[in-house]
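First the structure, in the form of structure tokens, and then the observations on it.
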Amino acid sequence: MEVGAADFGRRLPRLRGRVRRAAFLGEPRCEGTRRLVPVLSAAPARLFDSPVERYLKARQSVQHFTVTQLGKCFCSVAGATDLYVVHSYNFFLFPSTWGVMDVEFTLSASSIQFLSHYGFDYNKFLKDGIPYMNEAQEKILHQHLLEGSRKVSSALDRDVLKKAIDEVTCWVAAAEEEETMILQDLSGYQMLEVQLVLRQALQNVWTHGCSFQVMVKKVNPERRRLLENSPYDCCQKELILLSARGFTNLFQILVQAKKPLVGHNMLLDLMHLHDKFYKPLPESYEEFKKNIHNLFPVLIDTKTVTKSIWKKRGYLFLVPCGYRTVLCLS
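For the working numbering, add 2 to where a residue sits in the sequence shown, where the first one is 1.
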């Protein structure tokens, strides 16, 4: 099942339940694009590289890689012990761009060609990608909100804000109390930015966002105070952080569950998880290993398992068909 930003929040409780009931988790497979910067000219990985050398070379690439799509499987035992039910999800991701957060990246021709060949939907990536951030980025955004800063991240957002302020300022001068107007065609983050700026600039209006538009209502001071204290206001700092963290909320659910994580040739994918959703990759390979094992205590790499079987039984062996699998699409 494909999941984008529009329905991620609605599906998160069900995803939490899938994680809780899972016997193990299929390791996420990350797809994306590289940012083209000089650091990527480092020597390629070689067969006889030590683990430390391989990590340091891969680290340079991972740090300049934008994840566009992430697949995840939740595998649970269904009744009989020889039957696994697999719920498979494909998440479209886009870096968080709220306020001061703005990640720059460049698409290489080979990346575009590869993803297009295999049916990647760039519209879903750009228009409906789920935001994400790591702890360092979250601290920056949290400080930004505490300071009450209204710095926007792009010229496009500045134009959108200016247009919205001009429209509302002209409208509110002649509007009656409780009268409303609608601002349309706003992205998720523009909706939050517009509401915060309007509430700060105009003390006689209130705002409510829904479906890529913002409703603006003219209110009296008493009504304004009541609305400001509402626990359901989407512009509260805690809810803004929750929205901006996006997929990182699911990542933290995975970490808290401590379920076995199963994958194949897992190093690069684990590095992406660490860098994009936890913390920037450390320079020390030992620190990286310590962090990953704190996040996911049980890691099962089928490449390593297969190699160990080869060593014991030779390259030709039979895998007993003792388990059956049912694939669910939702």
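Note that the Cβ used here is the ideal one computed from N, Cα and C, for glycine as well.
Could you have a look at His210 and say whether DSSP puts it in helix, strand or coil?
Reduced to three states, the DSSP call for His210 is strand.
Around the C-beta of Pro40, are 16 or more other C-beta atoms found within 10 angstroms, so that it is buried, or is it exposed?
Because Pro40 sits at a pLDDT of 38, beneath the cut-off of 50, its placement in the model cannot be relied upon, and the following sentence gives the value as read from the coordinates. Under this definition Pro40 is an exposed residue.
Give me the Cα-Cα distance between Asp277 and Gly211, rounded to the nearest whole angstrom.
Going by the C-alpha atoms only, they are around 32 angstroms apart.
Nearest-angstrom Cα distance between Leu17 and Thr182?
Distance between the alpha carbons of Leu17 and Thr182: 37 angstroms.
What does a CB cutoff of less than 7 angstroms around Val54 pick up in its chain, not counting 5 residues either side in sequence?
Answer for Val54: Tyr287, listed in chain order.
Rounded to the nearest angstrom, how far is the Cβ of Ala246 from that of Pro133, given a contact under 8 angstroms?
Going by Cβ atoms, the distance from Ala246 to Pro133 rounds to 6 angstroms, so yes, they are a contact pair.
Taking contact to mean at least 3 C-beta pairs separated by less than 8 angstroms, is the region 167 to 175 in contact with the region 133 to 147?
Contact fails: fewer than three Cβ-Cβ distances are below 8 angstroms.
For Gly6, would you say it is in contact with chain B, using Cβ-to-Cβ distances shorter than 7 angstroms as the test?
The displayed structure is made up of one protein chain only, and chain B is not part of it.
Helix, strand or coil for Gly324 per DSSP?
Note that Gly324 scores 48 on pLDDT, short of 50, meaning its location in the model is unreliable; the coordinates nonetheless yield the value given after this. Three-state DSSP puts Gly324 in coil, outside helix and strand.
Between Phe107 and Gln71, is the Cβ-Cβ spacing less than 7 angstroms?
Not closer than 7 angstroms, so no.
If contacts are defined as beta-carbon pairs under 8 angstroms, then Leu185 and Val218 qualify, I think. What distance do you get, rounded to the angstrom?
Right, their Cβ atoms sit about 7 angstroms apart.
Can you tell me which of the three DSSP states Phe279 falls into?
Correct three-state label for Phe279: helix.
For a test of the three-state rule: what should DSSP assign to Glu137, helix, strand or coil?
Here Glu137 sits in helix by DSSP.
Is Ala111 closer than 7 angstroms to Cys78 when the C-beta atoms are compared?
Checking the sequence shown, residue 78 turns out to be Ser, not Cys. Contact flag unset, no.
Which full runs of the alpha helix (DSSP H) of 4+ residues lie inside the region 242 to 318, going along the chain?
249 to 259, 269 to 275, 287 to 297, 304 to 315, all fully within the region 242 to 318.
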